[in-house]
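Chemist: Have a look at this one before I ask anything.
There are 2 protein chains.
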Amino acid sequence: MQEIKGKNISSSLEDYLEAIYEIYTQKNGVKAIDISKKLGVGRSSVTEALKTLAQKHLVNYSRYGVLSLTAAGEEAAKNVIERHKTLYNFFKNTLNLDENEAQENACRVEHVLSEKAFQALINFVGNSS
Amino acid sequence: MQEIKGKNISSSLEDYLEAIYEIYTQKNGVKAIDISKKLGVGRSSVTEALKTLAQKHLVNYSRYGVLSLTAAGEEAAKNVIERHKTLYNFFKNTLNLDENEAQENACRVEHVLSEKAFQALINFVGNSS
DNA sequence: ACAAAATGTTCGGCTAACCGTACAATAATT
DNA sequence: AATTATTGTACGGTTAGCCGAACATTTTGT
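Protein chains in written order, with the working numbering: chain A, 1 to 129; chain B, 130 to 258.
Here is the structure:
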């Protein structure tokens, strides 16, 4: 009995997925060093995270090989990013925080909101953005 | 160079402070076993946390001794609890989540909101609770 | 194509937070 | 007061996430 569906994913791993997706939309190839810089962690931490994500079938990874998200990984990444954007809008437009504050809080809250809370927030913000 | 002011406190330790304070308001003496039950962690984890909190001068702790919050600890605890209540109200009254959902989300978000975000949320909720 | 630079991996090590077991101390019962 | 139950602690172990240094591989520059 391990994971029921590979659903369990930590805040940290969500950050990695998010970073990979964003780099992927900006450049052609995703490199570990870009992730390292974006997240402010060491290269060796990236390698470790990639291995874990590969085990969970969220990234396609092989030693020294090309890196990409799987379909499931992309879906998960998009999900986190959508949360982030919704939260950012809420903090910025509803609570009137400045951009930095809105970003920082979105980055932290995005990992802890339940699905229901997130949907409720979408409803709420939807009318005011 | 360690802590500048003992300010750094993890989510987990905040949970302990919160629990201690709440038990303290309901019973006369705070016992480790109550904390253990309230947080759903083992007794040995409580001992460990208490030692850490004592090092940070947030609880008065001695081996087998009476347990209490220091002034700083009480302030920190009240701060977390106020965050919790504000968030709970927001989730319940503004986002219309049921009580369980509101509690659970408040429990997780309370540890990650910046001071500014929290103040902005108070402003926002203040008018609608 | 070869040397130099950049990038990726492995390894050992660290910390925080948890656990269970065994033991110590305190509290309760009779 | 002595036994039993409860509670607290010490200890060793686990896991996730991070690090830097040393080494491996790939890429770049000429």
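No residue lacks a Cβ here, since even glycine has one placed at the ideal position from N, Cα and C.
1. With distance defined between alpha-carbon atoms, name the residue in B:243, B:234, B:177 and B:193 nearest to residue 106 (chain A).
2. Hey, out of B:233, B:215, B:195 and B:199, whose CA is closest to residue 186 (chain B)'s CA?
3. Leaving out five residues before and five after residue 195 (chain B) in sequence, what residues of the same chain have Cβ atoms less than 8 Å from its Cβ?
4. Quick one: is residue 162 (chain B) buried, meaning 16 or more other Cβ sit within 10 Å of its Cβ, or exposed?
5. Please work out which residues of its chain come closer than 7 Å, Cβ to Cβ, to residue 209 (chain B), disregarding the five sequence neighbours upstream and downstream, and give them in chain order.
6. Have a look at B:232, B:237 and B:213 and flag the residue whose alpha-carbon is nearest the alpha-carbon of residue 250 (chain B).
7. Quick one: what's got a C-beta closer than 7 Å to residue 88 (chain A)'s C-beta in the same chain, skipping five residues either side?
8. Between residue 36 (chain A) and residue 160 (chain B), what straight-line distance do the alpha-carbon atoms span, to the nearest angstrom?
9. Ends of the alpha helix (DSSP H) at residue 63 (chain A)?
10. What's the call for residue 64 (chain A), buried or exposed, on a 16-neighbour Cβ count within 10 Å?
Modeler: To lay it out plainly:
1. For the residues B:243, B:234, B:177 and B:193, the minimum Cα distance to residue 106 (chain A) belongs to B:243.
2. It is B:199.
3. Contacts found: 158 and 189.
4. Flag for residue 162 (chain B) reads exposed.
5. The answer, listed in chain order, is 143, 146, 147 and 239.
6. The residue with the shortest Cα to Cα distance from residue 250 (chain B) is B:213.
7. Excluding its 5 nearest sequence neighbours in each direction, residue 88 (chain A) has C-beta neighbours in its own chain below 7 Å: 102, 103 and 106, listed in chain order.
8. Answer to the nearest angstrom: the Cα atoms are 44 Å apart.
9. Run containing residue 63 (chain A): none; DSSP gives neither H nor E here.
10. Classification of residue 64 (chain A): exposed, given that the 10 Å Cβ count is below 16.
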